[in-house]
Amino acid sequence: MSEPISFNDLPNIDLQKLQPIDVDVLTGPDAPRHSPKILVLYGSLRERSFSRLASEEAARLLRWYGCEVRTFNPSGLPLPDDSEADHPKVKELRDLAQWSEGMLWVSPERHGAMTGIMKTQIDWIPLSLGGVRPTQGKTLAVMEVSGGSQSFNAVNQMRILGRWMRMITIPNQSSVPKAFTEFDDAGRMKPSPLYMRLVDVCEELVKFTWLTRDKSAYLTDRYSERVESAEELSRRVNQNTH
Numbered sequence: 004m005s006e007p008i009s010f011n012d013l014p015n016i017d018l019q020k021l022q023p024i025d026v027d028v029l030t031g032p033d034a035p036r037h038s039p040k041i042l043v044l045y046g047s048l049r050e051r052s053f054s055r056l057a058s059e060e061a062a063r064l065l066r067w068y069g070c071e072v073r074t075f076n077p078s079g080l081p082l083p084d085d086s087e088a089d090h091p092k093v094k095e096l097r098d099l100a101q102w103s104e105g106m107l108w109v110s111p112e113r114h115g116a117m118t119g120i121m122k123t124q125i126d127w128i129p130l131s132l133g134g135v136r137p138t139q140g141k142t143l144a145v146m147e148v149s150g151g152s153q154s155f156n157a158v159n160q161m162r163i164l165g166r167w168m169r170m171i172t173i174p175n176q177s178s179v180p181k182a183f184t185e186f187d188d189a190g191r192m193k194p195s196p197l198y199m200r201l202v203d204v205c206e207e208l209v210k211f212t213w214l215t216r217d218k219s220a221y222l223t224d225r226y227s228e229r230v231e232s233a234e235e236l237s238r239r240v241n242q243n244t245h
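As numbered in this note's numbering, residues 4 to 245 make up the sequence shown, in order.
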């Protein structure tokens with residue numbers, strides 16, 4: 004369980020404007036009321052990684068909003084197909100993906116794209132695993148940091164991946180240009196419109212997770228898969244009659 008976060012942990016927040024999530028507005032009385040489970044992925048292994056710093060800033064906010072947050076450290080994760088699925092880092096990532104109800108992906112932009120480290124993490128999460136789709140119907144927020152002027156290449160690519168992984172990607176997103184100017188020596192993001200956008204994304208991710216998590220099975224129930232399941236059942240039954 005994540006440790007609760009207080010206002011003291013958010014020194015750059017306007018305390019009068021940060022509001023708790025009104026769960027009753029977003030879900031019914033019989034819906035689960037446990038803390039939303041959010042998995043955070045970041046896309047750099049540098050010692051001073053701005054994608055990691057942004058993800059840590061977001062994790063603090065998500066915890067303040069009442070979420071249980073876990074962050075995956077990509078160090079040591081092998082390239083896709085360069086190891087078996089029982090590799091400890093692969094198993095850790097897949098277990099976290101199944102545990103989560105929503106995700107936050109934060110990537111640097113490198114050569115006009117998300118990093119290979121970010122893509123490797125996503126590539127190790129299968130569309131289907133043991134009859135379970137570990138990402139289908141879960142919420143997703145995307146953010147990027149860059150060393151130069153503002154760009155949206157990485158978040159746009161991650162949106163495509165989120166759709167491919169059958170996730171509910173929230174409308175808002177964050178792109179932090181010249182990230183080296185936006186964090187202080189302690190690794191905290193400085194107050195600015197860019198910081199406020201990061202807060203917006205976290206708030207919206209929590210709202211969408213509350214709104215959809217107990218309805219995700221119905222939202223992702225598809226005609227084509229019901230037909231396929233009926234055909235599989237028919238084949239199994241017919242095989243048993245011979």
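For each residue, glycine too, the CB sits at the ideal point set by N, CA and C.
Residue state for Met121 is assigned as helix, using DSSP reduced to three classes. In summary, Trp167 is exposed, with fewer than 16 beta-carbon neighbours lying within 10 Å of its beta-carbon over all protein chains present. Rounded to whole angstroms, the separation of the alpha carbons of Ser232 and Ser149 is 45 Å. Three or more Cβ pairs drawn from the stretch 55-63 and the stretch 196-208 lie within less than 8 Å of each other, which places the two stretches in contact. Remark: three or more beta-carbon pairs, one from each stretch, lie closer than 8 Å, so the stretch 136-146 and the stretch 100-114 are flagged as touching. DSSP places Ser177 in the uninterrupted beta strand (DSSP E) bounded by Ser177 to Val179. Positions of the beta strand (DSSP E) runs, each at least 3 residues long and wholly inside the stretch 17-51, are given as 40-45 in order along the chain. In this model, Cys70 and Arg36 are separated by some 11 Å (Cα to Cα). By the criterion of a C-beta distance shorter than 6 Å, Ser177 is surrounded in its chain by Met146, Arg200, Leu201 and Val204, once the five residues flanking it on both sides are discounted. In the DSSP annotation of this structure, the continuous segment of the alpha helix (DSSP H) that includes Thr212 starts and ends at Pro196 to Thr215.
Residue nearest to Ser78 within the set Arg49, Phe53, Asp89 and Gln101 is Arg49 (criterion: CA-CA distance). Taken atom to atom, the span from the alpha-carbon of Ser154 to that of Tyr221 is near 36 Å. Residue pairing by DSSP places Gly105 opposite Ile41 and Thr142 in a beta bridge.
For a cut-off of 8 Å, the C-beta gap from Arg97 to Leu132 is around 7 Å, short enough to register as a contact. Collapsing the DSSP output to three states places Arg166 in a helix. For a cut-off of 8 Å, the C-beta gap from Asn159 to Gly115 is around 11 Å, too long to register as a contact. If you check the CB distance, Ser47 and Thr123 do not come in under 8 Å. The beta carbon of Lys94 sits closer than 8 Å to those of Ala88, all from its chain and outside the five residues before and after it, given in chain order. The straight-line gap separating the alpha-carbon atoms of Asp25 and Ile171 is approximately 20 Å. Relative to the Cα of Leu21, the nearest Cα in the group Tyr45, Trp67 and Pro180 belongs to Trp67. Contact annotation: Val209 and Leu197 have beta-carbon atoms that are not nearer than 8 Å.
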